[in-house]
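For the sequence shown, this note's numbering gives the first residue as 572, with consecutive numbering after it.
All residues carry an ideal CB built from backbone N, CA and C; glycine is no exception.
Heads up: the structure comes next, in structure tokens.
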Amino acid sequence: MSQPVTLDVRGPVAVVSIDNPPVNAFAHAVRKGLNDCVAAAMADESVAIVLIRCAGRTFVAGADIAEFGKPRKDPWLPEVLDAIEGAAKPIVTAVHGTALGGGFELVLASHYRCALASARVGLPEVRLGLLPGAGGTQRTPRLAGVEAALELITSGRPIDAGRAKALGLIDEVFEEDLDAAAFAWCERLVADGAKPRRASDLEVAAVADEVFAEARAGLARRARNQLAPQKIVDCVEAATRLPFAEGAEYERERFEECMASSQSAAMRHLFFAEREAAKIGGLPKDTPSRPVRSIGIVGAGTMGGGIAMSAANAGLPVVLLDVDEAGLERGLAVIRGNYAKSVGKGRLSQADADRRLGLIEGTTDYAGLGDVDLVIEAVFEDPELKRRIFGTLDEVARPGAILATNTSYQDVDAIAAATSRPADCLGLHFFSPANVMKLLEVVRGAKTADDVLVTAMQFAKTIRKVPVMAGVCYGFIGNRMFNPYMREAQQLVLEGAGPDEVDAAMYEFGMAMGPIAVADLAGLDIGYKARQALPADRRGDESPFAVADALVVEGRLGQKTGGGFYTYDPESRKGTLEPAVVELIAAKRRELGFEARSIAADEIVERCVFALVNEGLAILDEGIAQRPGDIDIVYLYGYGFPAWRGGPMHYADAVGLEYVLKRVREFHERFGSRAPSALLERLVAEGRGMDSWSAEGN
Ligand code: 3H9
């Protein structure tokens, strides 16, 4: 096997190259190779300076996450980097692509730092429930100041090379040919007699104590319940009080605490699950795809407009169709307004907004969709209308164009059957607002061609969405699971919990919003209509929705009508429970024979979350979702499930499936909740965890 790190002495410059595809992660062999090569360069008297650069598409993207949680192999990264910083000859790093996490810590530990203008650097460990553990929290504030360090490390957001230079984290930015430019810079440094410069020798510029208190308070809101962000503040504060070596020791201890936490295990699971979700099991890696150079959208409403913006933001030309000029103009006006807001907030330049708007062309004529590579239908949920539109698309779209429906729950196969080309059809289920939400359910129809699926997964990446493949069933993955979750939440209200108690328990659990508040936001009529659209034998017991349905009858449809379960302040959008609604709930309890009891937050959480888990297992068993991790990604990006709990399926594994089964059985017997799914029973009987499940093996 070739060495992942090599040394090439060229005159006074020793070039150390790291080559560990795909992202040059700091696997054990790379740490050892780097250590050995730097030591060899130090021992070589002909060498005056060392240049560390990477082969392939990027600089080091961090520690090897796949090694986390396994026994540690020496040399450990902090030791390698301390040796680099302490080296007697100057060490230069040259960054292209992304220098992230431990990769950027290597840059910080080197003495001179340069980057290609297109490069990005950052410390994203917080997104894995970790903190930089190889000196990042100690060197960054010494180089860039406390405030910049707190922002960089607690947000985890990478910055570009120009910004890094402005902050003092990079010395030189080169426009092109990094290897040649960095080598020439090394020669100049030698000629100038440059000596090693160590970030650890610098003093941290003093800041007021309030800076840390404010950072902690802000993070307690923005990163609710998360350990790592708070510990990052502790570490940066330690950098202001302790000598470097003691601060670094303090950082390492906090890093180990994060690494051992269930939060980091959950977030690392999600990192790999997200990448796995983009893969379609059973398809060879070289399955071809079709080019998507332009898209068409049918329906200029909220959904269609959001999808149009997502595509235009990624530089794709869009033809947006609506039935009449008035509808089209309304849709385009909303898009213009959204871009104007982003410009107003300083998030987008006027020139970029104009360029994006220029990519969106409106039409009321289906012939305008004749040349596009992909058409997405985004009209309201009327199956007949959707079938009619697909029939028309079949007539106008060019051969080979992909036809997608954005339905949230309908039968994609029935819609595809309205065309002569079901192999070119599939579902692309965006979440609202489509220009913001990252999730995209890619729904595979019975006849969808493999290359159409592969193209859809790639298209998702182009427009910066996270794709998850789902099979055809009512509601696919996300909405199908949401139904029993919502059912449980609403039945809890009938049993005696206040809507605010249900919401508070789920918010405390970590959900972005409680289920009752979500129902109000989505519109109580949406769930109502969706249930009405189901055949009677599939609706199940509708009594848990008695309160919501009564509110719909009263015209209280949720936030959009100023009130649903809660009544909303038009300015602040804050919801309060009105006595009239409390009375309506009491009346429904009496009518349905419920005697109100007080319900603990733990029961509320278990009833709601285990309902998700139970349905998720049924979905896996039916092959609707490919893997448990796919379901976790759907709930993370589509439904506000807390990342630090790893998604419902990871959470169930952490709690223990045996316990989940016991409780699901009890809830079924006592409250009529759904019976345990066959897969839950099977996994527990076989003593297996969620991770042992795979579509192939079952
Ligand atoms: C850290 O550094 C801790 C230190 O402070 C302290 C240590 C003591 N390790 O995302 P992609 C794989 S924590 C292992 O599709 P892209 C990934 O799974 C680390 N594997 O590509 C995928 O594999 P596969 C801090 C990794 O071009 C393949 O590479 N660093 C790692 O869209 C391609 O990945 C981070 O958190 C890794 N570090 O994006 C950075 N990174 O092909 C995490 C990637 O089998 N990485 N893989 O599915 C990223 O943000 C993106 O991968 C990156 C490339 C932007 C680099």
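By alpha-carbon positions, which one of the options ends up nearest to residue i?
{"i": "ALA1119", "options": "PRO642, GLN1062, ARG710", "result": "GLN1062"}
{"i": "VAL576", "options": "ALA626, SER1263, SER979", "result": "ALA626"}
{"i": "LEU652", "options": "CYS608, CYS685, HIS667", "result": "CYS608"}
{"i": "GLY1146", "options": "ALA1090, ARG926, LEU687, PRO1115", "result": "ALA1090"}
{"i": "LEU671", "options": "MET1057, ASP805, GLY707, ARG958", "result": "GLY707"}
{"i": "GLU696", "options": "GLU827, ARG926, ASN1050", "result": "GLU827"}
{"i": "LEU1271", "options": "LEU687, ALA972, PHE597, ARG825", "result": "No answer is possible for residue 1271: the residues shown for the chain start at 572 and end at 1269."}
{"i": "ARG1051", "options": "GLY1094, ILE1190, PHE1181", "result": "ILE1190"}
{"i": "VAL1180", "options": "ALA1225, GLU718, PRO1141, GLU1154", "result": "ALA1225"}
{"i": "SER865", "options": "ILE851, PRO888, GLU822", "result": "PRO888"}
{"i": "GLU676", "options": "THR811, LEU1105, GLU656", "result": "GLU656"}
{"i": "MET613", "options": "GLY633, VAL580, GLU808", "result": "VAL580"}
{"i": "PHE630", "options": "LEU919, ARG1160, GLY1187, VAL587", "result": "VAL587"}
{"i": "SER1285", "options": "ALA1158, VAL1255, GLY733, VAL761", "result": "There is no way to answer for residue 1285, as the model of the chain reaches only from 572 to 1269."}
{"i": "ILE1202", "options": "ARG907, GLU1012, GLU746", "result": "GLU1012"}
{"i": "HIS1000", "options": "ASN977, GLU822, GLU952", "result": "ASN977"}
{"i": "TYR1078", "options": "GLU718, ARG792, GLY733", "result": "ARG792"}
{"i": "GLY739", "options": "SER726, VAL692, ARG643", "result": "VAL692"}
{"i": "GLU667", "options": "THR725, LEU702, ILE741, ILE960", "result": "Here residue 667 is His; the residue named in the question, Glu, does not match the sequence. That would be ILE741, whose Cα lies nearest to the Cα of HIS667."}
{"i": "ARG768", "options": "ARG825, ASN796, SER681", "result": "SER681"}
{"i": "LEU702", "options": "PRO729, GLY673, VAL717", "result": "GLY673"}
Quick one: grab the DSSP three-state call for residue i.
{"i": "GLY1270", "result": "Residue 1270 lies beyond the stretch modelled for the chain, which goes from 572 to 1269, so this question has no answer here."}
{"i": "GLU896", "result": "helix"}
{"i": "ASP953", "result": "coil"}
{"i": "LEU999", "result": "strand"}
{"i": "THR669", "result": "strand"}
{"i": "ARG1241", "result": "helix"}
{"i": "GLU774", "result": "coil"}
{"i": "ALA831", "result": "coil"}
{"i": "MET1008", "result": "coil"}
{"i": "TYR1099", "result": "helix"}
{"i": "LEU887", "result": "coil"}
{"i": "MET1084", "result": "coil"}
{"i": "GLU1252", "result": "helix"}
{"i": "THR858", "result": "coil"}
{"i": "ASP1108", "result": "helix"}
{"i": "GLU1125", "result": "coil"}
{"i": "VAL1118", "result": "helix"}
{"i": "CYS1044", "result": "coil"}
Please tell me whether residue i and residue j are closer than 9 Å, where the distance is taken between their beta carbons.
{"i": "GLY1016", "j": "VAL1039", "result": "no"}
{"i": "PRO1219", "j": "TYR1208", "result": "no"}
{"i": "PRO712", "j": "ALA705", "result": "no"}
{"i": "VAL943", "j": "ALA975", "result": "no"}
{"i": "TYR1099", "j": "VAL1123", "result": "yes"}
{"i": "LEU899", "j": "GLY933", "result": "yes"}
{"i": "ASN884", "j": "ARG1035", "result": "yes"}
{"i": "ALA610", "j": "ALA659", "result": "no"}
{"i": "PHE1238", "j": "GLU1177", "result": "yes"}
{"i": "ALA1107", "j": "ASP1173", "result": "no"}
{"i": "VAL1014", "j": "GLY998", "result": "yes"}
{"i": "TRP1215", "j": "GLY1085", "result": "no"}
{"i": "ILE868", "j": "VAL894", "result": "no"}
{"i": "TYR1045", "j": "ARG1109", "result": "yes"}
{"i": "ARG1236", "j": "ALA848", "result": "no"}
{"i": "ALA1196", "j": "ALA1041", "result": "yes"}
{"i": "ALA665", "j": "CYS685", "result": "yes"}
In chain order, what residues of the same chain lie with their CB nearer than 8 Å to the CB of residue i, ignoring the 5 residues before and after it?
{"i": "ALA963", "result": "At residue 963 the sequence reads Thr, which differs from the Ala that was named. Closer than 8 Å at Cβ, skipping near neighbours: TYR937."}
{"i": "GLY640", "result": "MET830, ALA836, ARG839"}
{"i": "ILE1170", "result": "LEU1063, GLU1066, GLY1067, ALA1068, GLU1072"}
Can you find the residues in the same chain that come closer than 6 Å, C-beta to C-beta, to residue i, ignoring five residues on each side of it along the sequence?
{"i": "ALA794", "result": "PRO800"}
{"i": "ALA810", "result": "GLN709, PRO712, VAL775, GLY818"}
By Cβ distance below 7 Å, which residues in the same chain neighbour residue i in space, the five residues on each side in sequence not counted?
{"i": "CYS757", "result": "VAL584, ILE620, LEU622, VAL663"}
{"i": "GLN574", "result": "GLY604"}
{"i": "LYS766", "result": "PRO661"}
{"i": "ALA1005", "result": "MET874, GLY877, ILE878, SER881"}
{"i": "PHE815", "result": "GLN709, SER771"}
{"i": "THR1026", "result": "SER860, ARG861, VAL863, ILE973"}
{"i": "VAL1152", "result": "PHE1136"}
{"i": "ASP1192", "result": "SER1248, ALA1249, LEU1250"}
{"i": "LYS1131", "result": "GLY1094"}
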